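**Q** Under the UniProt record's numbering, the first residue of the sequence shown is numbered 1, with each subsequent residue one higher. Cβ atoms here follow ideal geometry from the backbone N, Cα and C, with glycine treated the same way. Note that the structure is a prediction, hence the values are computed from the model and not measured.
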Amino acid sequence: MNEPDNKQRTVNMATASMQSQAASPWTGDLRAFRCPSCSGDLAASDAGLSCVGCGTPYPIRDDVLIVKAWSDENNRVAQDFYDSPLWPRFRFWEKLTWWCNGGEKRARNQVLRHLPSQPGLKLLDVAVGDGVYLPWMPNDWDVVGVDVSWTQLAACRPRTQGKTVRLIQGEAENLPLHNAQFDAVLSIGAFNYFNDPEGSLREMVRATRPGGTIVISDEMPNLTDRMIGHKLGVPALDRWIVSRLMHLGDPFTDMVERYRDLDVRAIAERVMPGVEYHEVWRGLGYVLVGRVPG
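So this is what it looks like as structure tokens:
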């Protein structure tokens, strides 16, 4: 009895392995993807993908393509925050914000409603995070999600079931994508603190087809100006609230303070003339909606 059982177990394991490989999102068409180093095409390799031009390897781990595992500057601050115990502690304040705006789905839909509703939409999601809204999107959409945080991408993976979603660990400033590949781009909750917000937006435009839609949303850069410490003339109190009580930590809080005067509307206007600007979440956040020229 043992020998047949062992043979059957071997067959089952082989079948499961083949099914796993077949189910990998990176076994399909790779024409949209390029090497961020030389812009060459990417092709399957033993380690994952590799550039057919310069030969640079890009490993695949748990179905996530790793283009850049470690970021620097602002992106590293964000990466360290989301990959640390601070992020779960901050979630309470995020959920409180959503609750005050009618619940998370209703609040996020203030942003998502600006996306086109066309069937088979090819969507690029820059800073996809944990992908909480992916299950709300049509099943026939083809999504590529990029993020710097491994923890966020790992949390996103279960939400990709039943959908065509490819996840990439990388940065917005150098997207591993050929020109004019997407019908729309979405970015929620990261634009203010990219290493280069304007450069990132130009990358999003580059990867989008002429006439495509770009939707960007984040908190107001000067949000801390509305807090009690600033109103009382004690801004140090607000810093303590943000860093300690809200668990953003000192490095992230420092970054928030450095970019409090960021003019996101002017940045977007330089890249996408005529961009729409909307305030959301009772004035706590904004949405930029632009069209790719051409």
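For the alpha helix (DSSP H) containing H278, list its first residue and its last residue.
**A** In the sequence shown, counting from the first residue as 1, residue 278 sits at position 278. Where H278 is concerned, there is no enclosing alpha helix (DSSP H), although the beta strand (DSSP E) it sits in stretches over 276-280.
**Q** For K122, which residues does DSSP report across the bridge?
**A** As a position in the sequence shown, residue 122 is number 122, starting the count at 1. D142.
**Q** Of all the options E73, G53, G145, which has the alpha carbon lying nearest to the alpha carbon of R258?
**A** To locate residue 258, count along the sequence shown from 1; it is residue 258. For R258, the nearest C-alpha among the options comes from E73.
**Q** Can you check DSSP and say which residues form a bridge with V64?
**A** In the sequence shown, the residue the question calls residue 64 occupies position 64. Partner(s): R61, L167.
**Q** Tell me the residue span of the beta strand (DSSP E) that contains T213.
**A** The count along the sequence shown starts at 1 and reaches residue 213 at position 213. Looking at the DSSP string, the run of the beta strand (DSSP E) that includes T213 is 208-219.
**Q** Extract the residue ranges of the alpha helix (DSSP H) inside the region 180-263, only unbroken runs of 4 or more that lie entirely within it.
**A** As far as the region 180-263 is concerned, its whole alpha helix (DSSP H) runs of at least 4 residues are 197-206, 228-232, 235-240, 249-258.
**Q** Tell me C51's beta-bridge partners as DSSP assigns them.
**A** Reading the sequence shown from its first residue, position 51 is the one you call residue 51. Answer is L42, bridged to C51.
**Q** For F33, which beta-bridge partners are listed by DSSP?
**A** Against the sequence shown, residue 33 aligns to sequence position 33. According to DSSP, which records beta bridges pairwise, F33 is partnered with L177.
**Q** Should K95 go down as buried or exposed, given a rule of 16 or more other Cβ atoms within 10 Å for buried?
**A** In the sequence shown, counting from the first residue as 1, residue 95 sits at position 95. Exposed is the call here.
**Q** Apply the 10 Å Cβ neighbour rule to Q161 and answer buried if 16 or more other Cβ atoms are within range, or exposed otherwise.
**A** Position 161 of the sequence shown, counting from 1, holds the residue named residue 161. When all chains shown are included, Q161 counts as exposed.
**Q** Is DSSP giving D147 helix, strand or coil here?
**A** Within the sequence shown, numbered from 1, the residue matching residue 147 stands at position 147. Residue state, collapsed to three classes: strand.
**Q** Give me whichever residues DSSP pairs with Y286 in a beta bridge.
**A** Position 286 of the sequence shown, counted from the first residue, corresponds to residue 286. Paired residues: D218, E279.
**Q** Would you check if the distance between the CB atom of A184 and the CB atom of T151 is smaller than 9 Å?
**A** Residue numbering aside, residue 184 sits at position 184 when the sequence shown is read from its first letter. Residue numbering aside, residue 151 sits at position 151 when the sequence shown is read from its first letter. In this structure, T151 does not lie closer than 9 Å to A184 by Cβ.
**Q** In the DSSP assignment, find the unbroken alpha helix (DSSP H) run with T97 in it and report its ends.
**A** By 1-based counting over the sequence shown, the position of residue 97 is 97. Where T97 is concerned, the enclosing alpha helix (DSSP H) stretches over 86-100.
**Q** How big is the Cα-Cα spacing for T97 and L237?
**A** Here residue 97 refers to the residue found at position 97 when the sequence shown is read from its first residue. Here residue 237 refers to the residue found at position 237 when the sequence shown is read from its first residue. Rounded to whole angstroms, T97 to L237 spans 20 Å at the Cα level.
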